[in-house]
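*Asks:* The opening position of the sequence shown corresponds to residue 1498 in the working numbering, with each subsequent residue numbered one higher. Ideal placement from N, C-alpha and C gives every residue a C-beta, glycine not left out. Got a structure for you, written out below as structure tokens; questions coming shortly.
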Amino acid sequence: MLILGIETSCDETAVAVVRDGTHVLSCVISSQRARFENTGGVIPEDAARQQVLCMLPVLHACLKEAKIDPRELDAIAVTKGPGLLGSLLVGTTTARTLATLWKKPLIGVHHTLGHLSSTWLDPIQDSPSTIHHPPFPVLTLSASGGHTDLWLRTSHTKGKLLGSTRDDAAGEAFDKGAAQLGLPYPGGPSIAKAAETGDPHAYKFPLPLHDDPSLDFSFSGLKTSLRYLLRDLTAHDSPSTIHDIAASYQHALCAHLMDRIMRAVHRHPEIKEIHLVGGVSANTSLREMLQKSVHGKTIRWPTKLIYCTDNAAMIAAAGEFLVREHGGRAYEQFETTASLPLAMAVS
Ligand code: KG4
Ligand code: ZN
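Take a look at the structure:
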């Protein structure tokens, strides 16, 4: 199928055209991140207003780049939630209008199902049969600025949530840590950069939830440890200390994510593939740790950085998988919802 995807759950206006849930013809994103860099976070009213301004130019650019006529589309997929309601409504209203105008079926997609689908976009080496019949069960760590979840899926759209964060999200822990270290937002890339010349074993951080048998996550303790560590620094500490701290903090965050992944792998030996998705999946240190720890299972993360963070290609891919696995039910009416339970991402 040829699907137009629309994603506007937060401060990015994104439109994409994807064939067969994998082949990306175009993926255009207009980000308002710079606008909110100095405001201490996204201002929902402002984000929604920007979505209105960006939507049509992004849509036009996307169709032009894909070199398709809207008549060729099989369906339109749009993020129905969760997210900022004003922003979401710009996307769903646009999608409903286009669906009526172009007489195309509409698919409402849970934002998280989009992230879970992002590992199949523009595959580098898979044969078409692997892509269309991927070896499930797949264990996926979905980690971004808003969530940190571990999923065990038995198909693209079916499975269960094994664990979630009890406090901050992993990306949030990178962002808040970077703020404490005086590094710019977003914290993930800036901590990773500072860590390049640091020693990841220079400072020891506790391993969160070490004795907890659940597969949940917790990052607030690491953030507090970082605060105490920085408080106790003296004027005699060398300037390179900050690089060692960044590297050690990054290592601690990744060690916690890895600890939960490995526990899940041991409990579920049937797992065939392990995937990383969401903004934090861009982290090289995490990718290396996963590659070193896991043997005999396929490891995947999105093939491009833009597929790690919010984009519309992943929404179009999820739309394709919903139709493939649920037929006409994928086209059922849906509401635009700010708080869509996580468990509803998969059936
Ligand atoms: O998925 P995303 O673009 O947006 C949502 O939060 O939904 O993820 C953004 C998050 C930020 O917290 C950012 O610090 C983190 O992903 N991030 C990273 C890296 N790049 C982005 N975290 C660790 N390492 C990175 N290289
Ligand atoms: Zn997201």
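If you reduce the DSSP assignment to three classes, tell me which class residue 1575 lands in.
*Replies:* In the sequence shown, the residue the question calls residue 1575 occupies position 78. Correct three-state label for residue 1575: strand.
*Asks:* Return the Cβ separation of residue 1605 and residue 1564 in integer angstroms, given the expectation that the two are a contact with Cβ distance under 8 angstroms.
*Replies:* Residue mapping note: residue 1605 aligns to position 108 of the sequence shown, counting from 1. Residue mapping note: residue 1564 aligns to position 67 of the sequence shown, counting from 1. Incorrect: roughly 27 angstroms between the Cβ atoms, too far for contact.
*Asks:* Contact between the segment 1825 to 1841 and the segment 1527 to 1539 is defined here as three or more beta-carbon pairs at a separation below 8 angstroms; is this criterion met?
*Replies:* Counting Cβ pairs under 8 angstroms, fewer than three are found: no touch.
*Asks:* Would the beta-carbon of residue 1840 fall within 8 angstroms of that of residue 1658?
*Replies:* For the purposes of this step, residue 1840 is taken as the residue at position 343 of the sequence shown. For the purposes of this step, residue 1658 is taken as the residue at position 161 of the sequence shown. Cβ distance < 8 angstroms, so residue 1840 and residue 1658 count as in contact.
*Asks:* So, residue 1559 versus residue 1514, is the Cβ gap smaller than 8 angstroms?
*Replies:* Locating residue 1559 in the sequence shown gives position 62, where the first residue counts as 1. Locating residue 1514 in the sequence shown gives position 17, where the first residue counts as 1. Contact: yes.
*Asks:* Is the beta carbon of residue 1812 closer than 8 angstroms to that of residue 1791?
*Replies:* Numbered from its first residue, the sequence shown carries residue 1791 at position 294. Numbered from its first residue, the sequence shown carries residue 1812 at position 315. No, Cβ-Cβ distance for residue 1791 and residue 1812 is not below 8 angstroms.
*Asks:* Give me the Cα-Cα distance between residue 1736 and residue 1653, rounded to the nearest whole angstrom.
*Replies:* Locating residue 1736 in the sequence shown gives position 239, where the first residue counts as 1. Locating residue 1653 in the sequence shown gives position 156, where the first residue counts as 1. C-alpha separation (whole angstroms): 48 angstroms.
*Asks:* Could you give the residue range of the alpha helix (DSSP H) that holds residue 1648?
*Replies:* In the sequence shown, counting from the first residue as 1, residue 1648 sits at position 151. Residue 1648 -> not in any alpha helix (DSSP H); beta strand (DSSP E) instead, spanning 1645 to 1650.
*Asks:* Assign residue 1633 to one of three DSSP states: helix, strand, or coil.
*Replies:* What you label residue 1633 is simply residue 136 of the sequence shown in a count that begins at 1. Three-state result, residue 1633: coil.
*Asks:* Where does residue 1690 fall in DSSP's three states?
*Replies:* Along the sequence shown, one-based indexing puts residue 1690 at 193. Residue state, collapsed to three classes: helix.
*Asks:* Is it buried or exposed for residue 1803, if we count other Cβ within 10 angstroms and need 16 for buried?
*Replies:* Working through the sequence shown from its first residue, we reach residue 1803 at position 306. Per the 10 Å Cβ criterion, buried.
*Asks:* Within 7 angstroms: the Cβ of residue 1671 and any heavy atom of the ligand KG4?
*Replies:* For the purposes of this step, residue 1671 is identified with residue 174 of the sequence shown, where counting begins at 1. Yes - the ligand KG4 has a heavy atom lying nearer than 7 angstroms to the Cβ of residue 1671.
*Asks:* Which runs of the alpha helix (DSSP H) fall wholly inside the segment 1533 to 1564 and span at least 4 residues, in chain order?
*Replies:* 1541 to 1563, all fully within the segment 1533 to 1564.
*Asks:* Give the DSSP-derived three-state secondary structure of residue 1818 in the structure shown.
*Replies:* Residue mapping note: residue 1818 aligns to position 321 of the sequence shown, counting from 1. Three-state DSSP puts residue 1818 in a helix.
*Asks:* Excluding the five sequence neighbours on either side, which residues of its own chain have a C-beta within less than 6 angstroms of the C-beta of residue 1850, listed in chain order?
*Replies:* Because the chain in this structure spans residues 1498 to 1844, residue 1850 falls outside the shown range and cannot be described.
*Asks:* Leaving out five residues before and five after residue 1779 in sequence, what residues of the same chain have Cβ atoms less than 6 angstroms from its Cβ?
*Replies:* Sequence index remark: in the sequence shown, residue 1779 carries index 282 (1-based). Once the five neighbours on either side are set aside, the close Cβ partners of residue 1779 are 1802 and 1805.
*Asks:* Is residue 1775 close to the ligand ZN? I mean its beta-carbon at under 7 angstroms from any heavy atom of the ligand.
*Replies:* By 1-based counting over the sequence shown, the position of residue 1775 is 278. Yes - the ligand ZN has a heavy atom lying nearer than 7 angstroms to the Cβ of residue 1775.
*Asks:* Is it right to say residue 1808 is buried, meaning 16 or more other beta carbons lie within 10 angstroms of its own, or is it exposed?
*Replies:* Walking along the sequence shown from the start, residue 1808 turns up at place 311. Counting Cβ neighbours within 10 Å, residue 1808 comes out buried, since at least 16 surround it.
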